[in-house]
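Peer 1: Per numbering that gives the first Met the number 0, the sequence shown starts with residue 0, numbered consecutively. Each residue gets a CB set at the ideal place from its N, CA and C atoms; glycine is no exception. The model shown is predicted, which means the values in this text are computed figures rather than measured ones.
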Amino acid sequence: MSVRLRIAVLDEELPFPANSGKRLRTMNLITRLAKRHEITYVSYMNGDRDEWRLARDYFQNAGIPVDPLDDRVPEKKGVGFCFRLFANLFSSLPYSVQTHNRRALRSFVRRNTGIDRFDLWHCEWTPYALACLGVVKEPWLVMAHNVESLIWKRMFESERSGLRRWYIGRQYLKYDLFEKKVYSQSPQLVTVSDEDARLAETEYGAKDVRVVDNGVDLAFFHPNPRSAENPHVDRIAHRILFLGSLDWRPNRDAVELLLDHVFPAIRQKVPEAELQIVGRRAPDRLRSKIVSQKGVMLFSDVPDVRPFLWNCGFMIVPLRIGGGSRLKILEALAADCPVVSTRIGAEGLRLRHERDLLLGETPEELIDRAIQAIHDPEMIRRLGHTGHETVCREYPWDILAEKLDTIWNDMLKRPGHDRPENATGPGRPRHQKPRVFFR
């Protein structure tokens, strides 16, 4: 049984278009739950004003009112960015927390808590918990898309430049302290994997952790319709696909590894091998590097990634930095596209080596797995089929939205939180009975 709740979602931006992992997760969960609850989306304006207007209209048409914060998160470029990085040296907060914890956000939370407007506050990213700590009178939770300090730790371990390594090390230590504070004091933490949940409990003192996995839209990501007649249609065994947002540091690191080491080694053994890189916001330096390399093609901001998933021999995930779990692996397998990945790349997913995909521990192992996949297309397609069945069974967004709905309702059942049954505030008039949904 699900009671209709009034939820305030705090986020950095409106997650539209859904062209990154975080946006995909947020969009798919929140739009489904908006059919059951009164959700108000509270966020800064997107950097692109036209994109923000389109996103606002999309959300309002989906029945989700938008309450914009009259501010923007500073961009990560230009002289101002360099100055802010320097100024952050004198702050105890990580850079991303300091720049997102702005006056407009703190003011909104203070004005709207304790006035019977919301039953629950939902922080859609860990830095937004800072505005709720010690302020919010209603129940609140944190959605941890990653254990951020784990990502910074892995970046520190892989960085070779002395100055960057020193700065990244400071960010790692700041995030480690910040997450220990937030996780230990949050009434409820939601992670995207069992691994992140265990880490939050054992290393960061989280007291109540629940898991809502990442998922996939099976109505959109599906096998090539033409493959029903011919399972080999359009799939080119020596064509390798990398898919991911290129403005996210772990993905950029993965592409650098792919271009500098992994793909050249594959080309030595398989001269006809091709690499397609599909991702938005590639930095100019990375674009130049891709253009200069034989057999490599870049496709930016494509409207539909499915043709790439249907035509490649397999998708490669050479991540060595990361946390949470990879939505792109779920999307690939849902589309019946085989996957070759590092173990970090497939971290957090209930997928098994040589049953659902191929895994390599080191770059050398990843190279061997990729060459194996090219030389044995029947084997890699068979793993893709098994992975497809696993993903369809365990990772549909509808099932995962049910889990988050249960968490929201369970929080309001705790002692001292009986607001939904007796709500008379501005979100629900006195004469209106709460709607109840039966599952």
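#1: Could you give the DSSP three-state label for H352: helix, strand or coil?
#2: Just checking F313 against the ligand PLP - is the residue's beta carbon closer than 7 Å to any of the ligand's heavy atoms?
#3: Does DSSP put Q187 in a helix, a strand or coil?
#4: Would you say the segment 76 to 87 touches the segment 54 to 66, given that touching needs at least three Cβ pairs under 8 Å?
#5: When you compare each of G344, H121, K173 to F89 by their alpha carbons, which one comes out closest?
#6: Identify, in the order they occur along the chain, each residue of the same chain with its Cβ nearer than 7 Å to the Cβ of D69, setting aside the five sequence neighbours on each side.
#7: Are Y40 and V72 touching if we call contact CB-CB under 8 Å?
#8: What's the gap between the Cα of H221 and the Cα of A281?
#9: Considering V254, what are the terminal residues of the beta strand (DSSP E) in which it resides?
#10: On the premise that W396 lies in contact with L140, defined as a C-beta separation below 8 Å, what is that separation, rounded to the nearest angstrom?
#11: Which residues mark the beginning and the end of the alpha helix (DSSP H) in which Q59 is found?
#12: Take L162 and list the residues in its own chain whose beta-carbon comes closer than 6 Å to its own, dropping the five residues that flank it on each side.
#13: Rounded to whole angstroms, what is the Cα-Cα separation between W407 and D49?
#14: One question on the structure: do V295 and L274 come within less than 8 Å of each other, judged by their Cβ atoms?
#15: Evaluate contact between the segment 352 to 369 and the segment 256 to 272, counting only Cβ atoms and requiring at least three cross-stretch pairs below 8 Å.
#16: Can you give me the Cβ contacts of A130 inside the same chain, cut-off strictly under 6 Å, excluding the 5 residues immediately before and after it?
#17: Based on the DSSP output, what are the partners of L68 in its beta bridges?
#18: Per DSSP, A7 is paired with what?
#19: State the DSSP-derived secondary structure class of G113, mapped to helix, strand or coil.
#20: Look at L399 and V211 and say whether their C-beta atoms are less than 8 Å apart.
Peer 2: Short version:
#1: Numbered from its first residue, the sequence shown carries residue 352 at position 353. In this structure, H352 counts as strand in the three-state DSSP scheme.
#2: The ligand PLP is not among the ligands present in this structure, which contains no ligands whatsoever.
#3: Along the sequence shown, read from residue 1 onward, the residue named residue 187 stands at position 188. If DSSP states are grouped into helix, strand and coil, Q187 belongs with coil.
#4: no
#5: Taking the first residue of the sequence shown as position 1, residue 89 is located at position 90. Checking every option, the nearest Cα to that of F89 belongs to K173.
#6: Working through the sequence shown from its first residue, we reach residue 69 at position 70. Once the five neighbours on either side are set aside, the close Cβ partners of D69 are A103.
#7: In the sequence shown, the residue the question calls residue 40 occupies position 41. In the sequence shown, the residue the question calls residue 72 occupies position 73. Cβ atoms of Y40 and V72: not closer than 8 Å.
#8: Taking the first residue of the sequence shown as 1, we reach residue 221 at position 222. Taking the first residue of the sequence shown as 1, we reach residue 281 at position 282. For H221 and A281, the distance between alpha carbons rounds to 27 Å.
#9: One-based indexing of the sequence shown puts residue 254 at position 255. From DSSP, V254 is part of no beta strand (DSSP E) but of the alpha helix (DSSP H) over 248 to 256.
#10: Here the question's residue 140 lines up with position 141 in the sequence shown. Here the question's residue 396 lines up with position 397 in the sequence shown. Rounded, the Cβ-Cβ distance is 19 Å, inconsistent with contact.
#11: Here residue 59 is taken as the residue at index 60 of the sequence shown, counted from 1. 48 to 60 is the extent of the alpha helix (DSSP H) around Q59.
#12: Reading the sequence shown from its first residue, position 163 is the one you call residue 162. Taken in chain order, the list of residues that qualify is empty.
#13: Indexing the sequence shown from 1 puts residue 407 at position 408. Indexing the sequence shown from 1 puts residue 49 at position 50. Cα-Cα distance, rounded: 33 Å.
#14: Position 296 of the sequence shown, counted from the start, is the residue given in the question as residue 295. Position 275 of the sequence shown, counted from the start, is the residue given in the question as residue 274. A contact, by the Cβ cut-off of 8 Å.
#15: Touching, yes, given that three or more Cβ pairs across the two stretches are closer than 8 Å.
#16: Numbered from its first residue, the sequence shown carries residue 130 at position 131. The answer, listed in chain order, is L104, R105, V108.
#17: In the sequence shown, the residue the question calls residue 68 occupies position 69. According to DSSP, L68 bridges with Y43.
#18: For this step, residue 7 is matched to residue 8 along the sequence shown. Residue pairing of A7 in beta bridges, as defined by DSSP: T39, W120.
#19: To locate residue 113, count along the sequence shown from 1; it is residue 114. G113 carries a coil assignment under DSSP once its states are collapsed to helix, strand and coil.
#20: Translated into positions along the sequence shown, residue 399 becomes position 400. Translated into positions along the sequence shown, residue 211 becomes position 212. In this structure, L399 sits near V211, with a CB-CB distance shorter than 8 Å.
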